[in-house]
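Chemist:
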Amino acid sequence: DGGITQSPKYLFRKEGQNVTLSCEQNLNHDAMYWYRQDPGQGLRLIYYSQIVNDFQKGDIAEGYSVSREKKESFPLTVTSAQKNPTAFYLCAVNQGAGSYNEQFFGPGTRLTVL
Amino acid sequence: RKEVEQDPGPFNVPEGATVAFNCTYSNSASQSFFWYRQDCRKEPKLLMSVYSSGNEDGRFTAQLNRASQYISLLIRDSKLSDSATYLCVVTPFGGYNKLIFGAGTRLAVHP
Numbered sequence: 020d021g022g023i024t025q026s027p028k029y030l031f032r033k034e035g036q037n038v039t040l041s042c043e044q045n046l047n048h049d050a051m052y053w054y055r056q057d058p059g060q061g062l063r064l065i066y067y068s069q070i071v072n073d074f075q076k077g078d079i080a081e082g083y084s085v086s087r088e089k090k091e092s093f094p095l096t097v098t099s100a101q102k103n104p105t106a107f108y109l110c111a112v113n114q115g116a117g118s119y120n121e122q123f124f125g126p127g128t129r130l131t132v133l
Numbered sequence: 013r014k015e016v017e018q019d020p021g022p023f024n025v026p027e028g029a030t031v032a033f034n035c036t037y038s039n040s041a042s043q044s045f046f047w048y049r050q051d052c053r054k055e056p057k058l059l060m061s062v063y064s065s066g067n068e069d070g071r072f073t074a075q076l077n078r079a080s081q082y083i084s085l086l087i088r089d090s091k092l093s094d095s096a097t098y099l100c101v102v103t104p105f106g107g108y109n110k111l112i113f114g115a116g117t118r119l120a121v122h123p
């Protein structure tokens, strides 16, 4: 069954802890993205990756880190340096260069800092 | 000024009504345009791409006005299931598939 999976669905973090959010896809798409969504705001881009072993900062990368060791996987680590990490985190994919830029989203992870 | 602006609503309409949303964007070099739908506490889902010539998908019609830098979404014969937040999305020129999202317009369809 093709698609994008994110885990966990809900995540609770204590102050000062790093946490890693998982994003996996079996669509064989090259490009993967991480966004965060806060109430009343549009999605904001954290990091993106066009190909394996390469990634770029988005608009709000501070306090986050990523890796892209496999085409299927693009995990996001929320570090203790992120001042306000409580948000809805969404992973997206698209076919990459030459596509019509449509992105398709995973079901998201809700992170709450206690 | 925000790169993509939308009226947050909510738009409260009865079933069967026709409702229209507009969205304005600030970068005249923007090259791709989309409407996404987002249900409460769910991920956004692509509703339709917006082409220069306009496009229609069933009860939904999208239009692009490059001169005035706005896109629109028209929903005819509204259904209860259309209740959601509609996100206007723009790709800047040379943006490497980067999407700029509006904050969304909330639609509530009532019986």
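These protein sequence lines map, in sequence, to chains A and B.
Per the working numbering, the first sequence runs over residues 20 to 133.
Per the working numbering, the second sequence runs over residues 13 to 123.
Think of the CB as a built atom: it goes at the ideal place given N, C-alpha and C, for glycine as much as any other residue.
All values reported here derive from a predicted model rather than from experimental measurement.
#1: Whole angstroms are fine: how far does the CA of S86 of chain A sit from the CA of Q44 of chain A?
#2: If the criterion is Cβ atoms closer than 8 angstroms, does the pair G82 of chain A and Q101 of chain A meet it?
#3: By how many angstroms is the C-alpha of F33 of chain B removed from the C-alpha of F107 of chain A?
#4: Which residue comes first and which comes last in the beta strand (DSSP E) that contains P56 of chain B?
#5: Determine the chain A residues that contact T103 of chain B at a beta-carbon separation under 7 angstroms, and present them in chain order.
#6: Taking C-beta pairs closer than 7 angstroms, name the residues in chain B that Y60 of chain A reaches, listed in chain order.
#7: Per DSSP, what kind of secondary structure is L76 of chain B in: helix, strand or coil?
#8: Which residues does DSSP pair with H122 of chain B in a beta bridge?
#9: Who pairs with C100 of chain B in a beta bridge, going by DSSP?
#10: Alpha carbon to alpha carbon, what distance is there between P22 of chain B and E55 of chain B?
#11: Measuring alpha carbon to alpha carbon, tell me which of B:S80, B:S93 and B:W47 ends up nearest F123 of chain A.
#12: Whose Cβ in chain A lies nearer than 9 angstroms to the Cβ of L59 of chain B?
#13: Have a look at A:D49, A:T128 and A:Y66 and flag the residue whose alpha-carbon is nearest the alpha-carbon of K90 of chain A.
#14: Thinking T128 of chain A and P27 of chain A are a contact (beta carbons under 8 angstroms), I'd like their distance in whole angstroms, please.
#15: If you draw a straight line from the alpha carbon of L85 of chain B to that of L46 of chain A, how long is it in whole angstroms?
#16: Give a yes or no on whether the C-beta atoms belonging to C52 of chain B and I83 of chain B are separated by under 8 angstroms.
#17: So who's on the other strand from A111 of chain A, going by DSSP bridges?
Modeler: The relevant details are as follows:
#1: Walking along the first sequence from the start, residue 44 of chain A turns up at place 25. Walking along the first sequence from the start, residue 86 of chain A turns up at place 67. Going by the C-alpha atoms only, they are around 15 angstroms apart.
#2: Taking the first sequence and counting its residues from 1, one reaches residue 82 of chain A at position 63. Taking the first sequence and counting its residues from 1, one reaches residue 101 of chain A at position 82. Contact annotation: G82 of chain A and Q101 of chain A have beta-carbon atoms nearer than 8 angstroms.
#3: Mapped onto the first sequence, residue 107 of chain A falls at position 88. Mapped onto the second sequence, residue 33 of chain B falls at position 21. Taking the straight line from one Cα to the other gives about 25 angstroms.
#4: Working through the second sequence from its first residue, we reach residue 56 of chain B at position 44. Note, P56 of chain B: beta strand (DSSP E), P56 to S61.
#5: Locating residue 103 of chain B in the second sequence gives position 91, counting from the first residue. Those within 7 angstroms of T103 of chain B in chain A are N120.
#6: Translated into positions along the first sequence, residue 60 of chain A becomes position 41. Going by the sequence as given, residue 60 of chain A is Gln instead of Tyr. Contacts between Q60 of chain A and chain B, judged by CB atoms closer than 7 angstroms, involve A115 in chain order.
#7: Indexing the second sequence from 1 puts residue 76 of chain B at position 64. L76 of chain B: strand per DSSP, three-state reduction.
#8: What you label residue 122 of chain B is simply residue 110 of the second sequence in a count that begins at 1. In DSSP, H122 of chain B forms a bridge with B:P26.
#9: Translated into the one-based positions of the second sequence, residue 100 of chain B becomes position 88. DSSP lists B:W47 as partners of C100 of chain B.
#10: Here residue 55 of chain B refers to the residue found at position 43 of the second sequence. Here residue 22 of chain B refers to the residue found at position 10 of the second sequence. Between E55 of chain B and P22 of chain B, the C-alpha separation is close to 19 angstroms.
#11: As a position in the first sequence, residue 123 of chain A is number 104, starting the count at 1. Nearest of B:S80, B:S93 and B:W47 to F123 of chain A, Cα basis: B:W47.
#12: Looking up residue 59 of chain B in the second sequence gives position 47. Correct list: empty, because the minimum Cβ distance to chain A is about 11 angstroms.
#13: As a working note, residue 90 of chain A is residue 71 in the first sequence. Minimum Cα distance to K90 of chain A is reached at A:D49.
#14: Taking the first sequence and counting its residues from 1, the one referred to as residue 128 of chain A is at position 109. Taking the first sequence and counting its residues from 1, the one referred to as residue 27 of chain A is at position 8. Indeed they touch by this definition, with Cβ atoms about 6 angstroms apart.
#15: For the purposes of this step, residue 85 of chain B is identified with residue 73 of the second sequence, where counting begins at 1. For the purposes of this step, residue 46 of chain A is identified with residue 27 of the first sequence, where counting begins at 1. Rounded to whole angstroms, L85 of chain B to L46 of chain A spans 29 angstroms at the Cα level.
#16: The count along the second sequence starts at 1 and reaches residue 52 of chain B at position 40. The count along the second sequence starts at 1 and reaches residue 83 of chain B at position 71. Cβ atoms of C52 of chain B and I83 of chain B: not closer than 8 angstroms.
#17: In the first sequence, the residue the question calls residue 111 of chain A occupies position 92. A:Y52 and A:F124, per the DSSP bridge assignment.
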